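Counting the sequence shown from 1 gives a position; my numbering is that position plus 49. I have placed the structure first, in the form of structure tokens, so that the comments after it can refer back to it.
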Amino acid sequence: MIKIRAVFEKRGRAKYISHLDLNRCMQRTFKRSGIPVWYTEGFNPHIYINFALPLSLGYESGCEIMDFNITEEMPYEELADKLNKAMPEGISITNVYTPSTKHTAIKYADFKITFNGDVADRFNTFMSREKINTVKKTKRGEKEIDLKPDINVVSLEVAENATVLVLRLPAGNEKNLNPSLVTDLFVPECGNTEILSVERIAVLDENENKFV
50 MIKIRAVFEK
60 RGRAKYISHL
70 DLNRCMQRTF
80 KRSGIPVWYT
90 EGFNPHIYIN
100 FALPLSLGYE
110 SGCEIMDFNI
120 TEEMPYEELA
130 DKLNKAMPEG
140 ISITNVYTPS
150 TKHTAIKYAD
160 FKITFNGDVA
170 DRFNTFMSRE
180 KINTVKKTKR
190 GEKEIDLKPD
200 INVVSLEVAE
210 NATVLVLRLP
220 AGNEKNLNPS
230 LVTDLFVPEC
240 GNTEILSVER
250 IAVLDENENK
260 FV
């Protein structure tokens, strides 16, 4: 059994594939590809696939990560090519390699959020607050939290009547913040402002280096 990690894009219409449906989609893709993929054992054998971070419905991404196993040696380029030929529109493998870390090493994720119009000054004012409180739903119920300590503004730019904001937020098993927690508070304060797109552009470790 050989461990494999693949990075894939999820764009266009594929952003509306839920995480549960993505798992089903990948199961079918692996079967169509003909690669020697490893199945779990037991009463209900299925292809082993482990996704690093579930992506919210409607978000695009260029850095989705999934781990799987194969039973025979295969060149990475050939493996990626066979999978891409079987992938649905909007999903494509961009890199394949041997994993060097566990998913538990993931601590942050960067999100690029594009708003219509110039809302840079309003967002700076929003971030100048002493606290940015919201209610987060957890398995134990609802909990009020202060988002401000966990919001890292990587960049904020205005171009072609749009504002592009890049946020770095906690991600992973220990703490995970969806950017919607920020935008759900900010957007209602901006009148006719709308979110044009949200894309996850990086997955990082505790040192804020690219997760591999």
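Every residue gets a Cβ at the ideal spot worked out from N, C-alpha and C, and that includes glycine. Just so you know, these numbers come straight off a predicted model, no measurement behind them.
Exposed or buried, residue i, counting other C-beta atoms within 10 Å across all chains shown (16 or more means buried)?
i: residue 106; result: exposed
i: residue 50; result: exposed
i: residue 56; result: buried
i: residue 228; result: buried
i: residue 159; result: buried
i: residue 69; result: exposed
i: residue 202; result: exposed
i: residue 110; result: buried
i: residue 59; result: buried
i: residue 117; result: buried
i: residue 184; result: exposed
With H, G and I counted as helix, E and B as strand and the rest as coil, what does DSSP make of residue i?
i: residue 237; result: helix
i: residue 157; result: strand
i: residue 260; result: coil
i: residue 138; result: coil
i: residue 128; result: helix
i: residue 6; result: This structure leaves residue 6 out entirely; the chain is present only between 50 and 261.
i: residue 110; result: strand
i: residue 80; result: helix
Based on the DSSP secondary-structure assignment, which residues constitute the bridge partners of residue i?
i: residue 246; result: 163
i: residue 53; result: 117
i: residue 191; result: 186
i: residue 100; result: 115
i: residue 146; result: 54
i: residue 251; result: 159
i: residue 231; result: Residue 231 is not bridged to any residue.
At the level of alpha carbons, what is the spacing between residue i and residue j?
i: residue 258; j: residue 113; result: 16 Å
i: residue 174; j: residue 136; result: 44 Å
i: residue 177; j: residue 233; result: 17 Å
i: residue 132; j: residue 231; result: 36 Å
i: residue 221; j: residue 170; result: 31 Å
i: residue 241; j: residue 166; result: 9 Å
i: residue 214; j: residue 108; result: 15 Å
i: residue 246; j: residue 164; result: 7 Å
i: residue 182; j: residue 157; result: 20 Å
Checklist entry - Where in the region 192–218 do unbroken runs of the beta strand (DSSP E), each at least 3 residues long, occur, reported from the N-terminal end onward? => result 201–208
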